[in-house]
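Structure first, commentary second.
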DNA sequence: CTTTCCCTACCTTCTGGTAGGATGGCTGTC
DNA sequence: GACAGCCATCCTACCAGAAGGTAGGGAAAG
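Chains as they are written, first to last, in this note's numbering: chain A, 5 to 203; chain P, 5 to 203.
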């Protein structure tokens, strides 16, 4: 076991951070080669074309995201706490600059110029994230743990949009704190004014 | 008067729509040349470098935005109506696909790989938009025309983030209606439950 | 003795950008 | 009005480097 096929993983990790920084056209095979310490041709050995690389990168990202949502369902039962955890995850990623943007959100902004296969993966992530948020909000509303002002679906789309917009603002202002500044009140608003049970 | 220096305007308009589609690295001088019917070298005559082109493009975009805000202050007095107009403007742009994304929002997502001069303009737009939204919300709250749940500044940042995120979702889903689906409830929530005067 | 991984070397196309020439409209001056 | 000069616009032709990608060989592990 141990470090099986580290090279491919390194390449994917490097490409991910490069995409997060500048999108699909913001990096090249040469950029990756410089960072991981391989030659361009060796990158092509692992991922024949750029489309291959980015498609598998996004596919893996989606798997991780799905796993994260599934895990959150197991570990945390309270819907509000699930949302808090989700927002907190991104707040931490942005604060320590380890992954200051969602790969799919960034790629989605360039959808019109994305290779079709990549675009399909990106869209799928949006649907999956939206579906999960909808289910969390629906359950929270049903159990009186969340206070919605419209349908779960509408609140979910608004929640997702606000989180993505908060990432953008944090980047635009060059200030990680703006993310929490935006998502904090968003979560507060969803918390019930008079908690049905005292925690 | 009449069509003075139409060429430069054509180039800027074309570059704008190309940036809206794919960002700074998503287009080339050759792409512009194909569309406006000039040769690459002629584009360089009007805008010596790509940085020149995009910097003036964003500067002009900012001027238009500032003018739009100023005009809105003159034409519409009610803060809620101002916000509605702002959101409605983008809803229309997205629906007819004429400008399905804010140039600065798209460029902001690629800030780390943007030339510094362009980045500065982009950041300036965010500050200016945020400042205007803050003033609208502050005034609305003061006059009882808007119902805020936190400070005007916080609501302004949340509003801006949600609008940007809604643009992203509309693009990701390939469905212009999602923009209104997200921004509609956002505006409703700001509208006073019991209007202080009956319109 | 095949497969995996990585290499050097090379290719084609695209990239932003430059040099320098042709056209043609606007000046000022006689 | 004629004429020279200027300058804005657009062109062809070119360049160096970066883009994504290919061909084929060497080492080493199974």
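A virtual CB, placed ideally from N, CA and C, is assigned to each residue, including glycine.
This structure is a prediction, so every number in the text was calculated from the model and none was measured.
Residue-chain proximity (residue i, chain A), Cβ-Cβ < 8 Å
i: residue 7 (chain P); result: With a pLDDT of 44 at residue 7 (chain P), under the threshold of 50, the modelled position of this residue cannot be trusted, and the question is left open.
i: residue 165 (chain P); result: yes
i: residue 21 (chain P); result: no
i: residue 57 (chain P); result: no
i: residue 29 (chain P); result: yes
i: residue 103 (chain P); result: no
i: residue 69 (chain P); result: no
i: residue 127 (chain P); result: yes
i: residue 33 (chain P); result: no
i: residue 184 (chain P); result: no
i: residue 72 (chain P); result: no
i: residue 169 (chain P); result: yes
i: residue 91 (chain P); result: no
i: residue 3 (chain P); result: In the structure as shown, chain P starts at 5 and stops at 203, and residue 3 (chain P) therefore has no counterpart that could be examined.
i: residue 176 (chain P); result: yes
Alpha helix (DSSP H) segment containing residue i, residue limits
i: residue 135 (chain P); result: 120-146
i: residue 185 (chain A); result: 181-194
i: residue 21 (chain P); result: 10-26
i: residue 113 (chain A); result: 107-113
i: residue 170 (chain P); result: 156-177
i: residue 45 (chain P); result: 44-50
i: residue 83 (chain A); result: 83-99
i: residue 75 (chain A); result: 54-79
i: residue 34 (chain A); result: 33-40
Reference residue i; option with closest CA among the options
i: residue 92 (chain A); options: A:184, A:144, A:78, A:112; result: A:184
i: residue 125 (chain P); options: P:37, P:155, P:75, P:61; result: P:61
i: residue 52 (chain A); options: A:76, A:24, A:12, A:27; result: A:12
i: residue 130 (chain A); options: P:37, P:178, P:67; result: P:178
i: residue 30 (chain P); options: P:95, P:104, P:110; result: P:110
i: residue 19 (chain A); options: A:78, A:196, A:68, A:103; result: A:103
i: residue 98 (chain A); options: A:138, A:64, A:73, A:21; result: A:21
i: residue 45 (chain A); options: A:166, A:33, A:55; result: A:33
i: residue 117 (chain A); options: A:27, A:176, A:63, A:128; result: A:27
i: residue 160 (chain A); options: A:182, A:90, A:113; result: A:90
i: residue 158 (chain A); options: P:65, P:197, P:68, P:193; result: P:193
i: residue 181 (chain P); options: P:112, P:25, P:96, P:123; result: P:96
i: residue 73 (chain P); options: P:139, P:35, P:59, P:123; result: P:139
i: residue 94 (chain P); options: P:10, P:174, P:195, P:128; result: P:174
i: residue 105 (chain P); options: P:170, P:16, P:17; result: P:170
i: residue 133 (chain P); options: A:141, A:156, A:176; result: A:176
Straight-line Cα distance separating residue j from residue i
i: residue 143 (chain A); j: residue 151 (chain A); result: 11 Å
i: residue 136 (chain A); j: residue 107 (chain P); result: 30 Å
i: residue 188 (chain P); j: residue 100 (chain P); result: 18 Å
i: residue 48 (chain P); j: residue 163 (chain A); result: 44 Å
i: residue 7 (chain A); j: residue 41 (chain A); result: Residue placement at residue 7 (chain A) is poorly supported in this model, since its pLDDT is 45, which falls under 50; the coordinates still yield a value, given next. So the alpha carbons of these two residues sit roughly 17 Å apart.
i: residue 149 (chain A); j: residue 88 (chain A); result: 13 Å
i: residue 153 (chain A); j: residue 147 (chain A); result: 15 Å
i: residue 50 (chain A); j: residue 70 (chain A); result: 25 Å
i: residue 168 (chain P); j: residue 121 (chain A); result: 25 Å
i: residue 166 (chain P); j: residue 43 (chain A); result: 42 Å
i: residue 58 (chain A); j: residue 112 (chain P); result: 22 Å
i: residue 66 (chain A); j: residue 24 (chain A); result: 15 Å
i: residue 84 (chain P); j: residue 197 (chain P); result: 13 Å
i: residue 35 (chain A); j: residue 54 (chain A); result: 12 Å
i: residue 115 (chain A); j: residue 16 (chain P); result: 22 Å
Contact with chain P by residue i, beta-carbon distance below 8 Å
i: residue 113 (chain A); result: yes
i: residue 189 (chain A); result: yes
i: residue 80 (chain A); result: no
i: residue 202 (chain A); result: Per-residue confidence for residue 202 (chain A) stands at a pLDDT of 47, beneath the threshold of 50, marking its modelled position as unreliable; the derived number appears in the next sentence. Residue 202 (chain A) does not count as touching chain P.
i: residue 119 (chain A); result: no
i: residue 110 (chain A); result: yes
i: residue 43 (chain A); result: no
i: residue 193 (chain A); result: yes
i: residue 40 (chain A); result: no
i: residue 154 (chain A); result: yes
i: residue 173 (chain A); result: yes
i: residue 130 (chain A); result: yes
i: residue 144 (chain A); result: no
i: residue 26 (chain A); result: yes
i: residue 162 (chain A); result: yes
i: residue 158 (chain A); result: yes
Near the ligand NAD: residue i beta-carbon under 7 Å from a heavy atom
i: residue 82 (chain A); result: Annotation note on the ligand NAD: not contained in the displayed structure, which lists no ligands.
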